[in-house]
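In UniProt numbering, the protein residues as written are 1 to 217.
Right under this line is the structure:
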């Protein structure tokens, strides 16, 4: 009885809800991984800014890929955390996967799905338009895409000059990545109170997370 009372007091101090939702626990655990990855990609981009290779187009194109990966991870996190309560994390993730690497599609899905749940600042649509022009939403490997960028550069395609080689444009893309990453973080905060579990409910929730991961193999 003393142990149960201590556990209850601890849960109360952490802001636990009286009836935690296991689905929300699973969604939090899966979505938080996407959020963290999105954050790391931004940090990696920032570190790359101090390199002597900034004048190299291939190097800059890989920096842009990091920002794209950041946005994709944050959007997938949001698609999971803003899904309806009856939708499982697995179902929400499958919905995200159908979009491939198309950030425009992912963003539209998040905006439509998250009405009344979170306030989303307007996106810089011109950035997505230029990303389409660059062909980064196609299912190329990073190596093939780098070759395509190099070809555009060799033939004096000003699309590369006004995007990848343009520091102002890259900063706008970074701002977009930061915006979605912050939104992903804010939404996770709303689900965190459902992660304070113990005993059998915790074991069941962890098993569900393991099942999710195993299904991806």
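From the three backbone atoms N, C-alpha and C, an ideal C-beta is built for every residue, glycine too.
Check: Backbone secondary structure at residue 57 - three-state DSSP; Outcome: helix
Check: Outcome for residue 134 when other beta-carbon atoms lying within 10 angstroms are tallied against a minimum of 16; Outcome: buried
Check: Cβ neighbour criterion (16 or more within 10 Å) applied to residue 100; Outcome: exposed
Check: Buried or exposed by the 16-neighbour rule on C-beta atoms within 10 Å, applied to residue 53; Outcome: exposed
Check: Distance between residue 86 and residue 71 (C-alpha atoms, nearest Å); Outcome: 26 Å
Check: Residues near residue 64 in its chain [Cβ-Cβ closer than 6 Å; skip 5 each side]; Outcome: 164
Check: Neighbour-count burial assignment, residue 55, 16 or more Cβ in a 10 Å radius; Outcome: exposed
Check: Residue 171 - containing alpha helix (DSSP H), residue span; Outcome: 167-191
Check: CA nearest to the CA of residue 30, picked from 130, 77, 179, 167; Outcome: 77
Check: Cβ-based burial, residue 26 [other Cβ within 10 Å; buried from 16]; Outcome: buried
Check: Cα-Cα separation, residue 158 to residue 75; Outcome: 29 Å
Check: Enclosing alpha helix (DSSP H) for residue 42 [first to last residue]; Outcome: 22-48
Check: Range of the contiguous alpha helix (DSSP H) that encloses residue 161; Outcome: 158-162
Check: Simplified DSSP state of residue 133, which is helix, strand or coil; Outcome: helix
Check: Rounded separation between residue 167 and residue 178 - CA only; Outcome: 16 Å
Check: Secondary structure of residue 112, DSSP reduced to three states; Outcome: helix
Check: Residue 82 - DSSP class collapsed to helix/strand/coil; Outcome: coil
Check: Alpha-carbon spacing of residue 41 relative to residue 69, whole angstroms; Outcome: 7 Å
Check: Expected contact under 8 Å - CB spacing of residue 176 and residue 127 to nearest Å; Outcome: 6 Å
Check: Pair within 7 Å by beta-carbon distance, residue 81 and residue 187; Outcome: yes
Check: Sub-7 Å separation of residue 162 and residue 67 beta-carbons; Outcome: no
Check: Residue closest to residue 117, alpha-carbon to alpha-carbon, out of 132, 91, 34, 83; Outcome: 83
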